[in-house]
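Trainee: My numbering numbers the first residue of the sequence shown as 32 and each following residue consecutively.
This structure is in structure tokens; I'll ask about it shortly.
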Amino acid sequence: MANPRFVPFVDLSKQHEPLRAELMAAMTAVADRGDYILGNSVVQFEQAFAAVCGAPLGVGVGSGTDALTLGLRACGIGPGDQVILPVNTFVATLIGVLQAGATPIFVDCDLETGLMDVAAAERAITRRTRAVIPVHLYGQMVSPAALRALSETYGVTIFEDAAQAHGAEREGVKAGSVGLAAAFSFYPSKNLGAMGDGGMVLTQQDLVAQTVRSLRNYGSTRKYYHTDPGGTNSRLDTLQAAILAIKLGRLSAWNCDRNRLAKLYDHALQPLAAHGLIPMTNLSGSGHVYHLYVIRLTRDCPIDRTRLQQELAAADIQSGIHYPVPCHLQPAFHHLGYQPGDFPIAEQLSQEILSLPMYPGMTDDQLEYVVKTVMGLVQACPVLT
Ligand SMILES: *Cc1c(COP(=O)(O)O)cnc(C)c1O
32 MANPRFVPFV DLSKQHEPLR AELMAAMTAV ADRGDYILGN SVVQFEQAFA AVCGAPLGVG
92 VGSGTDALTL GLRACGIGPG DQVILPVNTF VATLIGVLQA GATPIFVDCD LETGLMDVAA
152 AERAITRRTR AVIPVHLYGQ MVSPAALRAL SETYGVTIFE DAAQAHGAER EGVKAGSVGL
212 AAAFSFYPSK NLGAMGDGGM VLTQQDLVAQ TVRSLRNYGS TRKYYHTDPG GTNSRLDTLQ
272 AAILAIKLGR LSAWNCDRNR LAKLYDHALQ PLAAHGLIPM TNLSGSGHVY HLYVIRLTRD
332 CPIDRTRLQQ ELAAADIQSG IHYPVPCHLQ PAFHHLGYQP GDFPIAEQLS QEILSLPMYP
392 GMTDDQLEYV VKTVMGLVQA CPVLT
């Protein structure tokens, strides 16, 4: 077997090289037009991305975090409102809720998928609950049927954090089309990434879209007339929109490639289940878009996670942990009053998970090298009994 020597966690050049000429032409066109702020490409990309996600309306903003903040505000969520979110998410989900002025209420997750425990979210609903934010973590959606049932039974708004789920699908429903609105991020390493920061709010409702358009632009829809408090400066750059529009054409092929790689990983790692090493569960078939490929080193696994990561690094294989500290245990949010032990599943997962290299264009040789290396390290350890 050829040793591919170095397996990065993500390699964006695999996406950009084949598109080089198109990307350069699109960027040159923006420079030539000079419509840097809210230009042509922004409107075009907003419509194209919304269409791909099965939502009627899209509004481009400066980042995924701002998509959460401005999207929640535009849905009328703010001070005095409780918003339920999973504790095992990237911290930006929480920051969005706090910046909207709402009160975050954490819930635990499912051990097999890492997705928000919908039953726990249901138990957390009170008279002050305005919204639930399902995070479509690692590229897999929280069940749309379960979310819609929650919304219908309790009248809560579903606001999706789809920052890891561009093009994902479950139960025939696409990420970004389940709730009243959804937030996407175009951070470079997301399934659809810009060459810089970017984000988008998708929504079913005209009023929400109009309000985000105003909020991202100093709270005004007409120059120098400011109607919406809470406005800020957070627009998707025209240059980034032009780049994203080119890359959007490849999204589904890239997601297919991620799926193919995930199946290879799943299959090749099967023998390690006996050693307590198991991949996170896929409940959505090819609708899972594998933003990350995450395995668990359960209590039965003989190798320590830190040691496995170090040994992989020594073999020139990068890996990651998404995420090592659940939101409720982050020092910055101590004042929210949560304690260790409040969310046992998320806390357990944060100790057990490991993300292996996963990106479109990763070669079979590279994957095989990662698998062989992991297997060698795990099987070399004495089995615990
Ligand atoms: C990346 C990410 C965000 C934040 O997006 P930015 O564009 O970096 O602000 C929010 N939520 C989740 C789940 C993410 O993965």
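All residues carry an ideal CB built from backbone N, CA and C; glycine is no exception.
Residues near ligand 1, CB to any non-hydrogen atom under 6 Å, in chain order?
Mentor: In chain order, the hits are 94, 95, 96, 120, 121, 123, 124, 166, 192, 194, 195, 216, 218, 228 and 230.
Trainee: Under the assumption that residue 349 contacts residue 391 (Cβ atoms under 8 Å), give the Cβ distance between them as a whole number of angstroms.
Mentor: The Cβ separation is near 16 Å, so there is no contact.
Trainee: Specify whether the region 366 to 374 and the region 134 to 150 touch according to this definition: at least 3 beta carbon pairs, one from each stretch, less than 8 Å apart.
Mentor: Taking 8 Å as the limit for Cβ pairs, the verdict is that the region 134 to 150 does touch the region 366 to 374.
Trainee: Residue 427: buried (16+ other C-beta within 10 angstroms of its C-beta) or exposed?
Mentor: Given a span of 32 to 416 for the chain in the structure shown, any question on residue 427 remains unanswerable.
Trainee: Check whether the region 272 to 287 and the region 217 to 233 touch, using three or more Cβ-Cβ pairs below 8 Å as the test.
Mentor: They touch, by the three-pair rule.
Trainee: Which residue marks the beginning of the alpha helix (DSSP H) containing residue 44, and which one marks its end?
Mentor: Unbroken alpha helix (DSSP H) run through residue 44: 44 to 47.
Trainee: So, for residue 81: in the same chain, excluding its five sequence neighbours on each side, which residues have a beta-carbon less than 7 Å away from its beta-carbon?
Mentor: 87, 88, 89 and 233, listed in sequence order.
Trainee: Starting from residue 80 and walking both ways along the alpha helix (DSSP H), at which residues does that stretch end?
Mentor: Residues 71 to 83.
Trainee: Using the beta-carbon count (16 or more within 10 Å), is residue 113 buried or exposed?
Mentor: Classification for residue 113: buried.
Trainee: To the nearest angstrom, how far is the alpha carbon of residue 424 from that of residue 99?
Mentor: The shown model of the chain, from 32 to 416, leaves out residue 424, and the question about it has no answer.
Trainee: Just reading off the alpha helix (DSSP H) that residue 283 is part of, what are its end residues?
Mentor: Taken as a continuous stretch (DSSP letters only), the alpha helix (DSSP H) holding residue 283 covers 282 to 300.
Trainee: When you compare each of 197, 207 and 157 to residue 175 by their alpha carbons, which one comes out closest?
Mentor: Comparing Cα-Cα distances from residue 175 to each of 197, 207 and 157, the minimum goes to 207.
Trainee: Check each candidate in 60, 412, 103 and 318 and name the one with the smallest Cα separation from residue 262.
Mentor: With distances taken between Cα atoms, residue 262 lies closest to 103.
Trainee: Count the other CB atoms within 10 Å of the CB of residue 38; is the residue buried (16 or more) or exposed (fewer)?
Mentor: With 16 or more other Cβ atoms within 10 Å, it is buried.
Trainee: If you follow the beta strand (DSSP E) that residue 234 is in, where does it begin and where does it stop?
Mentor: From DSSP, the beta strand (DSSP E) with residue 234 extends over 230 to 234.
Trainee: For residue 66 and residue 84, what's the separation of their Cα atoms in angstroms?
Mentor: Between residue 66 and residue 84, the C-alpha separation is close to 26 Å.
Trainee: With H, G and I counted as helix, E and B as strand and the rest as coil, what does DSSP make of residue 359?
Mentor: If DSSP states are grouped into helix, strand and coil, residue 359 belongs with the helices.
Trainee: Round the Cβ separation of residue 214 and residue 199 to the nearest angstrom and send it over; I've been treating them as touching at under 8 Å.
Mentor: Residue 214 to residue 199, Cβ: 14 Å. No contact.
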